[in-house]
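Chemist: In this note's numbering, the protein residues as written are 1 to 690.
All residues carry an ideal CB built from backbone N, CA and C; glycine is no exception.
As the structure is a computational prediction, the values presented were derived from the model and not from experiment.
Sending over a structure as structure tokens; questions will come in a sec.
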């Protein structure tokens, strides 16, 4: 089918007008039958590459004024269709009942004039973005948790026994038309709204996160985890000083490290759990892992990609146990340059389960811990020196080190939030990050130059307009470096250096990150802008990321000499599909993690009305100011609550200015605030100036 789809795209690209199905079928006869062509066209349409109308005319997306893509609906009802040349605006009347996230076909209504955006109308809904809608049942309607979706009317007989005030799951049976709301049916009652566990379960269902593993996958995991392992065909590293360094609560140890001094340089060993030994391609475990794509780390729980018998058991590089691994051994000179490397199948036995806390304490001179770990203290010292060499070399190349504050939560035995604050990121954490970066880059570079189809981690060049917008924001701090028209990572790196250690560090990091494109997976090696790497992949976390698992499979096929022309041909299409699926699942996981974080932060702030906190202005819109507190909690100040003046919004400078007082409130400003009100469900925290 892949050959037929490629042929269709080639044929359509050669036509000077929209084609009829009959015309395309005649061009592809007698090699392909009309039914085959129609099936391939439907697949291409679902991929957003082709417009295939009900009247059976066809054209490539982006040609002759026709486009496909995922609809981005805004809270006021209008929408945009993202396109490489700029978004296409779609008014509420021209959505044809389409909802946020739907894959749609759009026809341009007019060409843009005087710098205005292009405008279009939805002509087809190719695929629903939401198969199930989660919300609160009230007065015959489901009010979706996602406020970009419109309310859904539920006829009496379709309520499924739901009562007002309950969280429910509904399916849409009729799309909205004109003034008529979408109509649906309730298929599941989750529980009473406003109860913490029900709200978190609603989040899980809203983002369609997976629940229990299928019985066949659980059985397969149990069976393979009981198999005896053998060092045969592997390099035996069980006598080396190899150990893991992870967080206190970690159980899935998928990476371990070792080091050997080589004259003026080092041999760094990064040893990664050989998950592919247990997750056999095409099996029930593999199918479920691909469907999940990634482990999801919610504030109060983990939804793993693999069953615990593997993730916390047979695959985890636990202390004192023999484990199968893939090892990347890198010779690194005194300048931090990797001069030679080997990637091998191996077996290891971790000597210690080290924590970031203990390693940071050792680096801080803790005598008790140094004495406790005398057998690896020398290795840790060498690793510390090597990590600094690697970091300096990355810095010289322009690699950007974002200092984004992640949130850490603490809970009591009942699951109530007892603490919220920025997650600590010390020298030990940075050391492991540095070693993983080196291994990921090394593996990607080898297989790129060998021309093997691969799953790369890519981060493309940013859009110039977004960088100009960031420059306008940063000009509030008095300086801009580099040419904005031809931005280089090193320019952004220098900005972050200038701002490091100031009250504005976190917000400048956040705004810069928003100005860049999102990293994703691709079958094409496009480089990684943020890291300033020409080659990059994910190799080091196969327990929790599917792309890493596939990279391991390719490496192992290579090691047994099985990269045949037939295998490589099939691999091209396979890695493309894996990259696409993994990117989608990663985005869903991130959105779900953010939504649950917001709920838990709001729960923590309940009952704190009247308390005062220091914060930084993290967003400025026409009607509201966002303020982030030192503990990472973010809330809003409605402009209507500012009674001292009438404030005018300046979109370009991210600020508001009082008409009478000329008081200016800008993104990045420090502000003392008082908690005015808190709602946890849905999460909303309102502040007022203190």
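1. Let me know the secondary structure DSSP gives residue 232 once reduced to three states.
2. If you measure between the beta carbons of residue 61 and residue 74, is that distance less than 8 Å?
3. Short of 6 Å in beta carbon distance, which residues of its chain neighbour residue 193, apart from the five on each side in sequence? Order them along the chain.
4. Is the region 269 to 288 touching the region 214 to 227 in the sense that three or more CB pairs, one from each, lie closer than 8 Å?
5. Do residue 300 and residue 415 have their C-beta atoms within less than 8 Å of each other?
6. In terms of residues, what are the limits of the alpha helix (DSSP H) holding residue 701?
7. Count the other CB atoms, across all protein chains shown, that sit within 10 Å of the CB of residue 16; report buried if there are 16 or more and exposed otherwise.
8. Are residue 100 and residue 72 touching if we call contact CB-CB under 8 Å?
9. From the DSSP output, read off the bridge partner residues of residue 246.
10. Any idea if residue 92 is buried or exposed, counting beta-carbon neighbours within 10 angstroms, 16 or more meaning buried?
11. Ignore the nearest five residues each way along the sequence and tell me which others in residue 563's own chain have a CB closer than 7 Å to its CB.
12. If you drop the 5 nearest sequence neighbours on each side, which residues of the same chain put their C-beta closer than 6 Å to that of residue 482?
13. Any idea what DSSP makes of residue 35, helix, strand or coil?
14. Per the DSSP calculation, residue 72 is bridged to which residue(s)?
15. Does the pairing of the region 172 to 192 with the region 227 to 238 give three or more beta-carbon distances under 8 Å?
16. Residue range of the beta strand (DSSP E) that residue 406 falls in?
17. Express the C-alpha separation of residue 516 and residue 153 in angstroms, rounding to a whole number.
18. What would DSSP say about residue 650, mapped onto helix, strand or coil?
19. Just to confirm, is the Cβ distance from residue 445 to residue 535 under 8 Å?
20. Could you tell me whether the Cβ atoms of residue 103 and residue 121 are closer together than 8 Å?
21. Drop a sphere of 10 angstroms on the beta-carbon of residue 124, count the other beta-carbons inside from all chains shown, and report buried for 16 or more, exposed for fewer.
22. Considering Cα atoms alone, identify which of 639, 357, 403 and 631 is closest to residue 250.
23. Taking 8 Å as the cut-off, does the region 457 to 472 touch the region 510 to 526 (at least 3 CB pairs, one atom from each stretch)?
24. From the DSSP output, in three-state form, read off residue 661 for me.
25. Give me, in chain order, the residues of the same chain whose beta-carbon lies closer than 7 Å to that of residue 641; leave out the 5 immediate sequence neighbours on both sides.
26. How is residue 418 classed by DSSP in three states: helix, strand or coil?
27. Which whole-angstrom value is the C-beta distance of residue 594 and residue 295, which I expect to be below 8 Å?
28. Return the CA-CA distance between residue 590 and residue 514, expressed in angstroms with no decimal places.
29. Which residues does DSSP list as the beta-bridge partners of residue 135?
30. Can you have a look at residue 623 and say buried or exposed, based on whether 16 or more other CB atoms are within 10 angstroms of its CB?
31. Roughly how many whole angstroms lie between the Cα atoms of residue 627 and residue 657?
32. Taking the continuous beta strand (DSSP E) assigned at residue 551, which residues delimit it?
33. In chain order, which continuous runs of the alpha helix (DSSP H) of length 4 or greater are located wholly inside the region 358 to 388?
34. Is the beta carbon of residue 389 less than 8 Å from the beta carbon of residue 330?
35. How many Å lie between residue 665 and residue 503 at the Cα?
36. Return yes when at least one heavy atom of the ligand FMN lies under 7 Å from the C-beta of residue 441, else no.
Modeler: Reading from the atomic positions:
1. coil
2. no
3. 136, 165 and 167
4. yes
5. yes
6. With the chain represented from 1 up to 690, any question about residue 701 goes unanswered, as that position is not in the structure.
7. exposed
8. yes
9. 355
10. exposed
11. 452 and 557
12. Only weak support is given to the placement of residue 482: the predicted model assigns it a pLDDT of 47, under 50, and the value that follows is read from those uncertain coordinates. 491, listed in sequence order.
13. helix
14. 80
15. no
16. Looking at the DSSP string, residue 406 is not in any beta strand (DSSP E), and its letter there is neither H nor E.
17. 39 Å
18. strand
19. yes
20. no
21. buried
22. 357
23. yes
24. coil
25. 688
26. strand
27. Actually they do not touch by this definition, with Cβ atoms about 16 Å apart.
28. 14 Å
29. 144 and 168
30. exposed
31. 17 Å
32. Careful: residue 551 lies outside any beta strand (DSSP E), inside the alpha helix (DSSP H) at 546 to 559.
33. 367 to 372
34. no
35. 15 Å
36. Looking at this structure, you won't find the ligand FMN or any other ligand, since it has none at all.
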